[in-house]
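A.B. asks:
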Amino acid sequence: MKGGSIEDGEMSKGASIRKGMTKGLSIMDFILRIIGAIATLASAVSMATTNETLPFVTQFVRFRAEFDDLPTFMFFVTANSVVCGYLVLSLVLSIFHIVRSSAVKTRILMVSLDTVMLGLLTAAASAAAAIVYIAHKGNSNTNWFAICQQYNNFCERISGSLIGSFIAVFLFVVLILLEAVAISRN
Numbered sequence: 009m010k011g012g013s014i015e016d017g018e019m020s021k022g023a024s025i026r027k028g029m030t031k032g033l034s035i036m037d038f039i040l041r042i043i044g045a046i047a048t049l050a051s052a053v054s055m056a057t058t059n060e061t062l063p064f065v066t067q068f069v070r071f072r073a074e075f076d077d078l079p080t081f082m083f084f085v086t087a088n089s090v091v092c093g094y095l096v097l098s099l100v101l102s103i104f105h106i107v108r109s110s111a112v113k114t115r116i117l118m119v120s121l122d123t124v125m126l127g128l129l130t131a132a133a134s135a136a137a138a139i140v141y142i143a144h145k146g147n148s149n150t151n152w153f154a155i156c157q158q159y160n161n162f163c164e165r166i167s168g169s170l171i172g173s174f175i176a177v178f179l180f181v182v183l184i185l186l187e188a189v190a191i192s193r194n
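Read in order, the letters of the sequence shown are residues 9 to 194 in the numbering used here.
1) Would you tell me roughly how many angstroms separate the C-alpha atoms of THR123 and PHE75, rounded to the nearest one?
2) For my contact list, MET55 and SER169 are in at a C-beta cut-off of 8 Å; report their separation, rounded to the angstrom.
3) Closer than 6 Å by C-beta to THR130: which residues in its own chain qualify, once you throw out the five before and the five after it? Chain order, please.
4) Got a sec, what are the start and stop residues for the alpha helix (DSSP H) THR80 sits in?
5) What's the C-alpha gap between ALA138 and ILE155?
6) If you drop the 5 nearest sequence neighbours on each side, which residues of the same chain put their C-beta closer than 8 Å to that of VAL112?
7) Starting from TYR159, follow the alpha helix (DSSP H) in both directions and report where the run begins and ends.
8) Could you check if THR30 is buried or exposed, using at least 16 other CB atoms within 10 Å of its CB as the buried criterion?
9) Roughly how many angstroms separate the alpha carbons of SER134 and ALA47, rounded to a whole number?
10) Taking only the alpha-carbon atoms, compute the straight-line gap between ARG41 and ASN151 and give it to the nearest angstrom.
11) Quick one: which unbroken alpha helix (DSSP H) runs of 4-plus residues sit fully inside the region 131-178? Chain order, please.
12) Give the single residue among MET118, SER148, LEU185, ILE35 whose Cα lies nearest to the Cα of VAL107.
13) In chain order, what residues of the same chain have a beta carbon less than 6 Å from the beta carbon of LEU126, not counting five sequence neighbours either side?
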């Protein structure tokens with residue numbers, strides 16, 4: 009037996025392990041994208057369907073709180089919807105990466121687009137979180153009263169929708185790191 013054939017066998021074994029690990033990263037990427045799409049869809053639907061009506065002195069005078077009363081919440085719903093759509097569309101490239109684990113250019117494209125979506129989602133979730141904080145605590149310096157004592161169901165739903173959005177933010181950070189590791193493996 010020649011000495012070169014043993015080294016070639018070891019080289020192909022190392023390449024096979026590297027390829028298997030990259031395929032595993034691609035499968036994990038696919039799963040995280042599905043979870044992220046579900047989280048952003050749930051956040052958008054939860055926020056978009058949030059409203060509460062409270063009766064005032066009579067049956068004819070009522071106070072109503074709706075998500076579209078605040079432009080920040082409309083931005084939140086729009087951003088979560090856009091990110092959800094992107095995640096669903098990116099599943100095609102994620103499947104491509106499972107089949108062809110050595111693809112680098114499409115991974116670089118995915119990292120770039122994931123970073124843009126991370127920025128959009130972080131901005132929307134952070135802005136909505138600031139409004140939710142004001143709704144819960146108020147601000148005595150500006151005479152903004154906490155409305156969550158009166159509109160309890162409204163506040164619970166908008167707070168819950170933030171959870172799904174921040175889960176998706178975390179998943180995007182993990183996705184970007186997974187893609188970077190997969191690129192470095194190639």
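Backbone N, C-alpha and C define an ideal beta-carbon position, used for all residues, glycine too.
Here the structure is a predicted model, which means the values were calculated and not measured.
C.D. replies: In short:
1) 27 Å
2) 4 Å
3) VAL177
4) 79-107
5) 14 Å
6) ILE191, ASN194
7) No alpha helix (DSSP H) holds TYR159; DSSP gives it neither H nor E.
8) buried
9) 16 Å
10) 42 Å
11) none
12) ILE35
13) PHE180
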